[in-house]
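Working notes for the structure below.
Protein chains in written order, with the numbering used here: chain V, 1 to 115; chain G, 1001 to 1115.
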């Protein structure tokens, strides 16, 4: 069965420093990978996705993520963190041959950026 | 409307009562999903509707949970004989169709508290 793991419950960084939120996946085929962000008392918002092509994808708010097939990872990154980036981040996966299926989400990682 | 609308935003109920949660998807979106987010846990897939196809109910945790959707419009998630472990935020999402590459658009959720 496909699954997504986010090994860190919380990540703490200082404003201006680079940030990484980790995600690994386990699937038997080729994955489509997504990152979503949830701000307090809000619904989830789409950040970025990897479908095919360049392993480095860029998304909203200056975030990017790198798809690494050999390590089965899709870590979320940002060169310089902002306090406003503090939120709950979810990684999600869907198999490429499973049209019409729901996304499978990880447990989420809370990012806290201090000023 | 412009986004996915869910109601009620908050619901407090007594153990054993039935509750109904409503989701109004983005106009034109044929796919609709329900997820559950319990405190400190990730998003748990519940059920998925795609057009007039039979729904994917594989995530429903028990027969106390059911959902309906008429055509490509509003969906209702019903929880019968609520239990304290049903307390969670119930998130609804919609997407334009079957595309595996498509991102989901989430509502702000319905927070259910079972006393």
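Ideal Cβ placement from N, Cα and C applies to all residues, glycine included.
Closest Cβ-Cβ distance between residue 44/V and chain G: below 7 Å? yes
Are residue 109/V and residue 11/V touching if we call contact CB-CB under 7 Å? yes
Residue 67/V CB to nearest chain G CB: under 7 Å? no
Can you look up residue 84/V in the DSSP assignment and give me helix, strand or coil? helix
Residue 1042/G touches chain V at which residues, Cβ-Cβ below 9 Å? 4, 6, 90, 105, 106, 107 and 108
Would you call the stretch 1022-1039 of chain G and the stretch 1075-1084 of chain G touching, i.e. three or more CB-CB distances under 8 Å? yes
Report the rounded CA-to-CA distance for residue 1084/G versus residue 1038/G, giving the unit in angstroms. 11 Å
Is it right to say residue 28/V is buried, meaning 16 or more other beta carbons lie within 10 angstroms of its own, or is it exposed? exposed
With which residues is residue 10/V paired in a DSSP beta bridge? 110/V
In whole angstroms, what separates the C-alpha of residue 1007/G from that of residue 1053/G? 25 Å
Residue 1002/G to residue 1032/G span [Cα, whole Å]: 15 Å
Residue 1106/G: contacting residues in chain V (beta-carbon distance under 7 Å): 43 and 44
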